[in-house]
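K.L.:
Numbering (our numbering), first residue to last: 10 to 152.
Even for Gly, the Cβ is constructed at its ideal location relative to N, Cα and C.
These numbers come from a predicted model, not from an experiment.
(1) Helix, strand or coil for residue 76, going by three-state DSSP, please let me know.
(2) Do the CB positions of residue 50 and residue 13 come within less than 9 Å of each other?
(3) Could you give the distance in angstroms between the alpha-carbon of residue 36 and the alpha-carbon of residue 29?
(4) Taking the alpha helix (DSSP H) that residue 15 belongs to, which residues open and close that run?
(5) At the level of alpha carbons, what is the spacing between residue 104 and residue 77?
(6) Identify which residue in 27, 46, 33, 26 has its Cα closest to the Cα of residue 16.
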């Protein structure tokens with residue numbers, strides 16, 4: 010980009026050195042073209058600077074992402090009880106007010122303390138949750 014700046018400055022110096030009559034039509038056009046070229050060079054410098062800043066930012070984000078990937082891949086989640094999910098203890102429900110689907114614990118239904126997290130509508134379960142009745146089944150479907 011610097012070489013474009015130098016070329017425009019050199020051309021402007023040539024025009025100044027020629028001592029053209031800036032009142033003539035040709036002189037007016039040449040001065041105007043040089044002004045436009047200077048404006049283009051300034052705009053290109055701004056774009057180049059913004060491009061460099063974006064490249065630095067993307068590199069930082071890439072480094073952060075690499076660190077996060079390493080952390081996640083190195084972490085052993087299989088031994089931690091916090092990440093276990095026992096499907097028998099949870100129930101998927103649909104809010105009768107807003108229609109959103111979410112998962113709650115069976116204990117909440119036993120205590121009648123279930124409320125939709127989105128709209129706040131309370132749920133009252135009129136039927137008891139029980140298994141379908143087959144031997145050894147834990148499906149928790151209503152019968």
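P.N.:
Well, looking at it:
(1) helix
(2) yes
(3) 6 Å
(4) Per DSSP, residue 15 belongs to the alpha helix (DSSP H) from 11-27.
(5) Cα to Cα, residue 104 sits roughly 36 Å from residue 77.
(6) Residue 46 is the option with its Cα nearest to residue 16.
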